[in-house]
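**Student:** So for the sequence shown, the UniProt record's numbering puts the first residue at 1; every next one is plus one. The beta-carbon is built from N, C-alpha and C at its ideal position, and this holds for glycine as well. Here it is, the structure, as structure tokens.
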Amino acid sequence: MGFQLVYHRRRKQLALCILLLIALYTFLPSVESETDYSRSVETVESSVNSKDDLKADVLSGKQTSETKQRKKATKQSDANRKDPDSTSDATKSGETDTTTKPKTKLTSAKPKKMRNVLNNVSVLAKKEPKYNVNSETNPIYARLLDKFSDSFVEKSMTERCQTYFETLYETEPEWSVKPHKAQYDDNQLNEIVSNMKHLNVYASCFLNGTVDEPDSNQKAYKELVLFGHQDIDSRAFPYISRKLPIYVRWTGEQVIGPPDMKKYANSVTPELSDIDLKNLKSLLNYDNNEVPIDRPFFSEFKSKVNGKGIVLSVSDALVNDTLSLIRSLRSVGNKLPIQIVHRNDLSIDSKWLLIKEARREDIYYPEKLYNELYSLKNKDFDPTFPKAELWFVDISKCLHSDYLNEFAKFYNKLLAFLFNSFDEILLVDCDAVIFRNPESFFQTSQYRNSNSLFFRDRSLVPKVFDNFIDFLKMLLPTEIDTEFFGIPEATYKTLGLRYFTLGFGHLMEAGVVAMKRTDFWKGIFPTLHLSLIRPVHENVWGDKELFWLGQSIAGNENYQFNDYWTASVGQLTPRERRPHSVAQELCSTHPGHISSDDDRLMWINSGVLNCRNLETYETDFDVYKSTLGFETKEELKEYYNSVMTIEHGLIPPDSLYWVESFKTPKEPRQGFIKNYNCGAYLWCAYDKIGGSQFPEHQGQVFEFDKEDTLLFSYVGQIYVGER
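Here is the structure:
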């Protein structure tokens, strides 16, 4: 009985199902194409899957390009289901049936036209902009996209430049690329990023002219000035006065703005006794701007730079180091003109000392070393001591009065980087010692390939804060910068550097920089601006990283580094003092820079004495017990005050982590170890770490040729002078 009840109940259910199917067949649209039906099912399933995947990505914190694509696909699928009867441009033109029906019958009769309709976004959903920008860090781009959408890129470059700055003036009437040296919050960080964007757009719009075509892209600038924005230069560069430097030749001749250096190459020069010291003071006083108001100041300045030379930033406090540098440059045959940039903080007496050192004929030299080098015919030895063509560049009137104290200490060098008159420069710190003819820097493979030569720092492990790297990435150009203003997007060349990938805070040593400035002009200004903002001060040591960072931020990644990291140079520690260690050791206060082209030493930092901080010898001996093997304090003092002997260079392994040793005594776990000696300026370098035999834990030891070691001693003796 129970079985029969169940049987009759099943029959009733089956009958109801048949009736339901008949009703569906009668009232619902037929699907003639099995392919279209399956495609519709797949679309719905894809939408559901996309939403699930998107939700998973959001919950996990991922923000990948695939996530964005799924998000976009999901929105489009939702739009299709919500508004299947939307009218497209194609529909309006008569390509599809415009009759409104309560039910739409899917058909595969005209698949080509269906694809055309689907490709027309207005049928499915409102067209989204191609670019997504952060309105907090990039408010002007956001306004331009809101107003013009993607059609902004269809305007001419002149129109884009003019529109950008008109929008900027309208949106932010008080805009200015001002520094942020005080404490900062998120809003100020956003403003810093926005300011750098303004600076990059300005440079791309108005500083693209060449020496041959100085007026390219100037129309927009003139239009902005004509319609009341005469202060655009002072907004972009608030630290300048729009006055040109005064260039004073060692003879007393004075020029406003960059002189034509070819004019002075073979000119007749007076005797030192005929020099009138009063003429060494900048006498050319001027009140009016020397650059027309309707021309960008730095475009005009760029059109006048010329020639090749050495650039130094000098004040009275650095005169002794500069005298030594000039002597050493003459000893290696330098014939390039030298410009000494100052801010009216170089006295007449100091200038006279520098002129005499550059022009004197009775220069001191160690006779024995001179004769040995003469017989060996070392190519970087010049027995003639060429006299230097010396210029003093007074930039005191180039700065706005509000910014006279902003460029302190090493940042003065950045002003010299900007306001010297050369196109090709060798920018040199006053305490650097050059062991090669300066022309050789311009003959390296890196310079020949890129018109630039940067040197690497010690390969140290200390890192910068992660949020600082995030901040720097916000400054780098992106795809929208390329589309809008032709600023190349940052690539792996920048983003793949260990500075960005691992946060290692030491990449560049800026004691010597070689560059053809007109090839890297736009990147000079981010470099200067970086020196004025607090996040950089807190994470970068001096000006070291600003040269390459400024270029990358400007979209120019064409710079090249010497392949080798910084070496420790001097003499290897004798094996008998470290009998149980497999690593060779070289302790020195001098970072050395060895050319990756020929394995020869090019230059060193920090003078030539074994220890510049002579006064530390007592503390080193008595407190730290760092005797360096000397038995008395006087012996240590004498060693500190003597010229170093350079026979070897040691570049430690470029290891990205410490390698622990389980031997007793332990092997060094890192390539460079700082010591207390010489005010903690002594670094010991090791060619193996952790006692490891793996290739990545091996460094390089260089033994320099005899003629080079003689040259190092010869230049060192001349550097310190007769004592």
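Return yes when the Cβ of Leu460 is within less than 9 Å of the Cβ of Asp543, no when it is not.
**Tutor:** For the purposes of this step, residue 543 is taken as the residue at position 543 of the sequence shown. For the purposes of this step, residue 460 is taken as the residue at position 460 of the sequence shown. Contact flag unset, no.
**Student:** Given this structure, state the Cα-to-Cα distance separating Asp316 from Arg343, to the nearest angstrom.
**Tutor:** Within the sequence shown, the letter at position 316 stands for residue 316. Within the sequence shown, the letter at position 343 stands for residue 343. Using only the alpha carbons, I get a separation of about 11 Å.
**Student:** Nearest by alpha-carbon distance to Asn556: which of Trp565, Thr494, Glu545, Leu530 is it?
**Tutor:** Numbered from its first residue, the sequence shown carries residue 556 at position 556. Among Trp565, Thr494, Glu545, Leu530, the Cα nearest to that of Asn556 belongs to Thr494.
**Student:** To the nearest whole angstrom, what separates the beta carbons of Glu136 and Asn190, a pair I think is in contact under 8 Å?
**Tutor:** Translated into positions along the sequence shown, residue 136 becomes position 136. Translated into positions along the sequence shown, residue 190 becomes position 190. Yes, Glu136 and Asn190 are in contact; Cβ-Cβ is about 5 Å, under 8 Å.
**Student:** Where Arg578 and Ser642 are concerned, what is the direct C-alpha to C-alpha distance, given to the nearest angstrom?
**Tutor:** On the sequence shown, residue 578 is found 578 positions in, with the first residue counted as 1. On the sequence shown, residue 642 is found 642 positions in, with the first residue counted as 1. Each residue's Cα considered, the two are about 25 Å apart.
**Student:** So, are the CB atoms of Ile646 and Ile604 less than 9 Å apart?
**Tutor:** Taking the first residue of the sequence shown as 1, we reach residue 646 at position 646. Taking the first residue of the sequence shown as 1, we reach residue 604 at position 604. It is a contact, given that the beta carbons lie within the stated cut-off.
**Student:** By Cβ distance below 8 Å, which residues in the same chain neighbour Asp599 in space, the five residues on each side in sequence not counted?
**Tutor:** For the purposes of this step, residue 599 is taken as the residue at position 599 of the sequence shown. Cβ neighbours of Asp599 beyond the five flanking positions: Phe702.
**Student:** So, helix, strand or coil for Ser108, using DSSP?
**Tutor:** In the sequence shown, counting from the first residue as 1, residue 108 sits at position 108. Because Ser108 carries a pLDDT of 39, less than 50, the predicted location of this residue cannot be relied on, and no value is offered for it.
**Student:** Which class does Leu572 belong to by DSSP, given the choice of helix, strand or coil?
**Tutor:** Residue mapping note: residue 572 aligns to position 572 of the sequence shown, counting from 1. Correct three-state label for Leu572: coil.
**Student:** With DSSP run on the structure shown, which of helix, strand or coil describes Met644?
**Tutor:** Taking the first residue of the sequence shown as position 1, residue 644 is located at position 644. It is coil, neither helix nor strand.
**Student:** Using three-state DSSP, classify Tyr169 as helix, strand or coil.
**Tutor:** The residue labelled residue 169 in the question sits at position 169 within the sequence shown. Of the three classes helix, strand and coil, the one that applies to Tyr169 here is helix, per DSSP.
**Student:** Buried or exposed for Gly496, please, with buried defined as at least 16 other CB atoms from any protein chain shown within 10 angstroms of its CB.
**Tutor:** As a position in the sequence shown, residue 496 is number 496, starting the count at 1. With fewer than 16 other Cβ atoms within 10 Å, it is exposed.
**Student:** For Leu476, tell me which candidate among Lys243, Ile18, His198 has the shortest Cα-Cα distance.
**Tutor:** Position 476 of the sequence shown, counted from the first residue, corresponds to residue 476. Among Lys243, Ile18, His198, the Cα nearest to that of Leu476 is on His198.
**Student:** Name the residue from Thr163, Lys155, Leu168 whose alpha carbon lies nearest to the alpha carbon of Pro139.
**Tutor:** Taking the first residue of the sequence shown as position 1, residue 139 is located at position 139. If we check each option's Cα against that of Pro139, Leu168 comes out closest.
**Student:** Do you know offhand how far Leu404's Cα is from Val393's?
**Tutor:** Translated into the one-based positions of the sequence shown, residue 404 becomes position 404. Translated into the one-based positions of the sequence shown, residue 393 becomes position 393. Each residue's Cα considered, the two are about 16 Å apart.
**Student:** To the nearest whole angstrom, what separates the beta carbons of Asn558 and Ser595, a pair I think is in contact under 8 Å?
**Tutor:** Residue 558 sits at position 558 when you count from the first residue of the sequence shown. Residue 595 sits at position 595 when you count from the first residue of the sequence shown. About 20 Å separates the two Cβ atoms, so there is no contact after all.
**Student:** Please classify Leu475: does DSSP put it in a helix, a strand, or coil?
**Tutor:** The residue labelled residue 475 in the question sits at position 475 within the sequence shown. Helix.
**Student:** Say whether the stretch 305-313 touches the stretch 269-276, bearing in mind that this needs 3 or more beta-carbon pairs closer than 8 Å, one atom from each stretch.
**Tutor:** In short, these stretches do not touch, since the Cβ pair count stays below three.
**Student:** Applying the 10 Å Cβ sphere with the 16-neighbour rule, what's the burial state of Thr104?
**Tutor:** On the sequence shown, residue 104 is found 104 positions in, with the first residue counted as 1. Residue placement at Thr104 cannot be trusted, given a pLDDT of 38 that sits under 50; the coordinates are not used to answer.
**Student:** What are the boundary residues of the beta strand (DSSP E) that Val464 is part of?
**Tutor:** Taking the sequence shown and counting its residues from 1, the one referred to as residue 464 is at position 464. First-last for Val464: undefined, no H or E at that position.
**Student:** Since Leu346 and Val314 are thought to touch, with beta carbons under 8 Å apart, how far apart are those beta carbons, to the nearest angstrom?
**Tutor:** For the purposes of this step, residue 346 is taken as residue 346 along the sequence shown, with counting starting at 1. For the purposes of this step, residue 314 is taken as residue 314 along the sequence shown, with counting starting at 1. The Cβ separation is near 6 Å, so the contact holds.
**Student:** Indicate whether Phe297 and Ile240 have their beta-carbon atoms separated by less than 9 Å.
**Tutor:** Here residue 297 refers to the residue found at position 297 of the sequence shown. Here residue 240 refers to the residue found at position 240 of the sequence shown. It is a contact, given that the beta carbons lie within the stated cut-off.
**Student:** So for Lys178, helix, strand or coil by DSSP?
**Tutor:** Indexing the sequence shown from 1 puts residue 178 at position 178. Lys178: coil per DSSP, three-state reduction.
**Student:** Between the C-alpha atoms of Pro462 and Leu427, what's the straight-line distance to the nearest angstrom?
**Tutor:** Walking along the sequence shown from the start, residue 462 turns up at place 462. Walking along the sequence shown from the start, residue 427 turns up at place 427. When rounded, the distance between both Cα atoms is 27 Å.
**Student:** How long is the line joining the alpha carbons of Lys674 and Tyr681, rounded to whole angstroms?
**Tutor:** Here residue 674 refers to the residue found at position 674 when the sequence shown is read from its first residue. Here residue 681 refers to the residue found at position 681 when the sequence shown is read from its first residue. Taking the straight line joining both Cα atoms gives about 7 Å.
**Student:** Judging by CA-CA distance, which residue of Arg669, Pro386, Tyr247 is the nearest neighbour of Leu284?
**Tutor:** Here residue 284 refers to the residue found at position 284 of the sequence shown. For Leu284, the nearest C-alpha among the options comes from Tyr247.
**Student:** Just verifying my parser: in three-state terms, what is the DSSP assignment at Glu585?
**Tutor:** Residue numbering aside, residue 585 sits at position 585 when the sequence shown is read from its first letter. In this structure, Glu585 counts as strand in the three-state DSSP scheme.
**Student:** What's the C-alpha gap between Glu223 and Phe525?
**Tutor:** Here residue 223 refers to the residue found at position 223 of the sequence shown. Here residue 525 refers to the residue found at position 525 of the sequence shown. Spanning the two alpha carbons is a distance of roughly 23 Å.
**Student:** Among residues of its own chain, excluding the 5 on either side of Phe152, which ones have a beta-carbon nearer than 8 Å to its beta-carbon?
**Tutor:** Start at 1 with the first residue of the sequence shown, and residue 152 comes out as number 152. For Phe152, where only same-chain residues beyond five positions count, the Cβ hits under 8 Å are Leu144, Leu145, Arg160, Thr163, Phe484.
**Student:** Using C-beta distances below 8 Å, list every residue in its chain close to Leu272, excluding the 5 sequence neighbours before and after it, in chain order.
**Tutor:** Here residue 272 refers to the residue found at position 272 when the sequence shown is read from its first residue. Cβ within range, chain order: Ile355, Lys356, Arg359, Arg360.
**Student:** Drop a sphere of 10 angstroms on the beta-carbon of Tyr657, count the other beta-carbons inside from all chains shown, and report buried for 16 or more, exposed for fewer.
**Tutor:** Taking the sequence shown and counting its residues from 1, the one referred to as residue 657 is at position 657. It is exposed - the Cβ of Tyr657 has fewer than 16 other Cβ atoms within 10 Å.
**Student:** Between which two residues does the alpha helix (DSSP H) holding Arg498 run?
**Tutor:** The sequence position of residue 498 within the sequence shown is 498, counting from 1. Segment 498-501, the alpha helix (DSSP H) holding Arg498.
**Student:** Hey, how far is the Cα of Asp429 from the Cα of Leu353?
**Tutor:** Within the sequence shown, residue 429 is the residue found at index 429, counting from 1. Within the sequence shown, residue 353 is the residue found at index 353, counting from 1. Asp429 and Leu353: Cα-Cα distance of roughly 19 Å.
**Student:** Would DSSP call Leu628 helix, strand or coil?
**Tutor:** Position 628 of the sequence shown, counted from the start, is the residue given in the question as residue 628. Reduced to three states, the DSSP call for Leu628 is coil.
**Student:** Below 8 Å, can you find three or more Cβ-Cβ pairs linking the stretch 434-447 to the stretch 372-380?
**Tutor:** They touch, by the three-pair rule.
**Student:** Less than 8 Å between the CB atoms is what I'm expecting for residue 769 and Met261, so what's the real figure, rounded?
**Tutor:** A question about residue 769 goes unanswered here, because the residues of the chain that appear run from 1 up to 723.
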